[in-house]
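So the protein lines, in turn, are chains A and B.
Residues are numbered in my numbering as their position in the first sequence, beginning at 1, plus a constant of 13.
Residues are numbered in my numbering as their position in the second sequence, beginning at 1, plus a constant of 6.
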Amino acid sequence: MHPAPSIIAFTTFSGLGFGLLFWLGVDPAPPGGWVAAVFFFIAFALAGGGLASSALHLGRPERALKAFSQWRSSWLSREACVAVAALGLMGLYAAFLIFGGLHVAPLGWLGAALSLLTVFTTSMIYTQLKTVPRWHSRWTPVLFLALSLAGGALLSGRVGIALVLILLSGGVQIWWWHTGDRALAGSGTTLGTATGLGKLGAVRAFEAPHTGTNYLLREMVYVVARRHALKLRVIAFILMVLLPVALLLLPFGHVLGLFAVLSHVAGALIARWLFFAEAEHVVGLYYGKHQTV
Amino acid sequence: MTDLPATTTRKLGLVIDLDTCVGCHACVIACKGWNTQNEGAPLSDQDPYGSDPSGTFLNRVHSYEVQPESGPAQIFHFPKSCLHCEDAPCVTVCPTGASYKRVEDGIVLVNEKDCIGCGLCAWACPYGARELDAAEGVMKKCTLCVDRIYNENLPEEDRTPACVRTCPSNARHFGDFADPESHVSRLVRERDGFDLMPEQGTGPVNKYLPPRARDDWTDSSVLAPYLTPVAEEPRGFLGWLDKALDRL
């Protein structure tokens, strides 16, 4: 799949932002005043900014409000609704904390639950697609939630929890890569089933329907730089997991903490780029791609 | 709502005969010609006369080579457009309700006024039947020429999808699959019509007809025995040349 920068930024940053909102919402002794203002500003900038950047990839962004209407059937619509509800509730919770010095715990819990639900709905947009076997796995929501919780814990300065969750999400990431590499072959979809000609013999794409490129090839049959995938996986894992963990194990300071955050976010962005760039859409089979099985 | 209808009164769709399709792409051009100037946004082209042309098409013809266990390889031309699936994944993923399946005839359509161009329906389609128009920013797909098939301003023989009307080899057939005695239902029954990617669970309405079984490849000509080489070993001048060249 084409790794559109707006979608990579959206899923990564909104995941971090809602993860931070979760930890702020469940905090039994949340910060107040200026400290709270800074924390919530970061969280809203990440979560809200991520959502805004997702609107950038729309063909008709001026109609984006219509996307709130189909929550009964569409995961994308559900995500929009839950995200706005989570941001609204957490905004109210933050306003009470910052301006009233009031900790309305149940509001925080509800906001935290909705924040996690938002991350889950984001992951389901990809998980639901049978056409992309690598994504169509129960591990995709686990991966998104683990990364969101780990990143949120890191951003909120919970060193102990962040350590455990980063290691855990690293484990999930490796498992997701491992299962994902076998997903297309396991899906049973081949050029033979795609054309129905597999019963007659070995099918090979002989001639493409067009000499130039098209929307399908640009959007779903992205192949550039897949050959560097393994190196990028190693880099992503070092930045996202190993380096932050090493930094957190050192005596904690704000500078080291900042480096841990930057490293984790950079690694998560690379991992999310791979999430899209490595994903094989079955329509590629019609064009003779993904035929390693 | 973008829920799918439990049942549709009729099931309009196409039968595509892989035995007779000659790969002329006339259906591609007829489709583009009709649909770029009738109902809905035009099918735009980008850089059409430049070095990197691309554009929106609702129907495309691939070609595949099949190598059987024995015998020569065969080429098949393979037209592909929206299959108007009964369990269309493109419909339920739509966040705005722009994508829908009609209860009365089962045609899957896009309401272009509601489409935000998020592209998720194209991701959900395993067949690559949907293309986002780069100029209009909305999703385009086969409408089964909904503006032809019910159009009483057209002569009756033209009230069929443009691709079917134009096909010179009669490889495309249009009809109602809900009627077991319709032309298309009978074709599917008699010729073992099949689904594309059945494992994806989309329940495509359009069906494809497999190539008819061929006679034995070896008895291709009665003259073949007379055309076998007469001399296994070269003699005379050629024999001398052969030996001379060997000695070199």
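Even for Gly, the Cβ is constructed at its ideal location relative to N, Cα and C.
Can a CB atom of chain B be found closer than 8 Å to the CB of residue i?
i                      : result
residue 302 of chain A : no
residue 202 of chain A : yes
residue 64 of chain A  : no
residue 208 of chain A : yes
residue 269 of chain A : no
residue 22 of chain A  : no
residue 306 of chain A : Low confidence applies to residue 306 of chain A: its pLDDT is 41, below 50, so where it sits in the model is not reliable, and the reading given next is rough at best. By this cut-off, residue 306 of chain A is not an interface position.
residue 235 of chain A : no
residue 232 of chain A : yes
residue 198 of chain A : no
residue 85 of chain A  : yes
residue 228 of chain A : yes
residue 296 of chain A : yes
residue 19 of chain A  : no
residue 7 of chain A   : With chain A running from 14 to 306 in the structure shown, residue 7 of chain A is simply not present.
residue 144 of chain A : yes
residue 220 of chain A : yes
residue 186 of chain A : no
residue 96 of chain A  : no
residue 80 of chain A  : yes
Per DSSP, what are the beta-bridge partners of residue i in this structure?
i                      : result
residue 311 of chain A : Any property of residue 311 of chain A remains undetermined from this structure, which presents chain A solely from 14 to 306.
residue 181 of chain B : B:19
residue 60 of chain B  : B:52
residue 137 of chain A : Residue 137 of chain A is not bridged to any residue.
residue 84 of chain B  : B:68
residue 145 of chain B : B:138
residue 107 of chain B : B:114
residue 213 of chain B : B:21
residue 200 of chain B : B:214
Among the options, which residue has its Cα nearest to the Cα of residue i?
i                      : options                       : result
residue 24 of chain B  : B:229, B:213 and B:185        : B:213
residue 218 of chain A : A:138, A:304 and A:178        : A:304
residue 61 of chain A  : A:36, A:27 and A:43           : A:27
residue 96 of chain B  : A:143, A:136 and A:165        : A:143
residue 93 of chain B  : B:216, B:207 and B:233        : B:207
residue 252 of chain A : A:275, A:261, A:296 and A:106 : A:275
residue 134 of chain B : A:160, A:207 and A:91         : A:207
residue 190 of chain B : B:17, B:11, B:9 and B:13      : B:17
residue 82 of chain B  : A:81, A:290, A:213 and A:281  : A:213
residue 61 of chain B  : B:44, B:39, B:29 and B:45     : B:39
residue 71 of chain B  : A:209, A:250, A:282 and A:288 : A:209
residue 245 of chain A : A:228, A:134, A:279 and A:225 : A:279
residue 52 of chain B  : B:233, B:227, B:215 and B:140 : B:140
residue 67 of chain A  : A:20, A:34 and A:106          : A:20
residue 139 of chain A : A:124, A:156 and A:123        : A:156
residue 302 of chain A : A:254, A:281, A:271 and A:220 : A:220
residue 218 of chain B : B:46, B:199, B:238 and B:245  : B:199
residue 227 of chain A : B:248, B:155, B:128 and B:252 : B:128
With a threshold of 8 Å between beta-carbons, can residue i be considered close to chain A, or not?
i                      : result
residue 7 of chain B   : Caution is warranted here: a pLDDT of 49 is assigned to residue 7 of chain B, below 50, making its placement in the model unreliable, and no coordinate value can be reported.
residue 58 of chain B  : yes
residue 62 of chain B  : yes
residue 38 of chain B  : no
residue 92 of chain B  : no
residue 75 of chain B  : yes
residue 68 of chain B  : yes
residue 172 of chain B : no
Can you give the beta carbon distance from residue i to residue j, rounded, assuming they're within the 8 Å contact cut?
i                      : j                      : result
residue 169 of chain A : residue 47 of chain A  : Actually they are not in contact, since the Cβ atoms of residue 169 of chain A and residue 47 of chain A sit about 16 Å apart, beyond 8 Å.
residue 59 of chain A  : residue 30 of chain A  : 3 Å
residue 44 of chain B  : residue 111 of chain B : 18 Å between Cβ atoms; not a contact.
residue 34 of chain A  : residue 125 of chain A : 7 Å
residue 93 of chain A  : residue 81 of chain A  : 5 Å
residue 183 of chain A : residue 254 of chain A : 3 Å
Item to check | Stretch pair the region 68 to 78 of chain B + the region 144 to 161 of chain B: three plus CB contacts closer than 8 Å | outcome: no
Quick check: the region 87 to 103 of chain B against the region 80 to 90 of chain A, are there 3 or more CB pairs under 8 Å? With a cut-off of 8 Å, the region 80 to 90 of chain A and the region 87 to 103 of chain B count as touching, because enough Cβ pairs lie within range.
Are three or more beta carbon pairs between the region 59 to 69 of chain B and the region 29 to 46 of chain B nearer than 8 Å? yes
- For the region 118 to 130 of chain B, enumerate the residues whose C-beta is nearer than 8 Å to any C-beta of chain D, in chain order. Reference to chain D is not applicable here, since the protein chains of this structure are A and B.
Quick check: the region 93 to 109 of chain A against the region 120 to 130 of chain A, are at least 3 beta-carbon pairs closer than 8 Å?
yes
- Is it a yes or a no for the region 103 to 122 of chain A touching the region 157 to 165 of chain A, going by three-plus beta-carbon pairs under 8 Å? no
Query raised in the report: Is the region 282 to 298 of chain A touching the region 223 to 243 of chain A, taking contact as three or more C-beta pairs under 8 Å?
Result: Yes: the two stretches touch, three or more of their Cβ pairs being nearer than 8 Å.
**Prompt:** So does the region 73 to 82 of chain A actually touch the region 122 to 129 of chain B, counting three or more Cβ pairs closer than 8 Å?
**Reply:** yes
Next item on the list: Kindly confirm or deny that the region 194 to 214 of chain A and the region 258 to 269 of chain A touch, where touching means at least three C-beta pairs closer than 8 Å.
Entry: no
**Prompt:** Is the region 146 to 166 of chain B touching the region 267 to 283 of chain A, taking contact as three or more C-beta pairs under 8 Å?
**Reply:** Contact between the region 146 to 166 of chain B and the region 267 to 283 of chain A is absent, because fewer than three Cβ pairs lie under 8 Å.
Quiz item: Is the region 145 to 153 of chain A touching the region 173 to 193 of chain A in the sense that three or more CB pairs, one from each, lie closer than 8 Å?
Solution: yes
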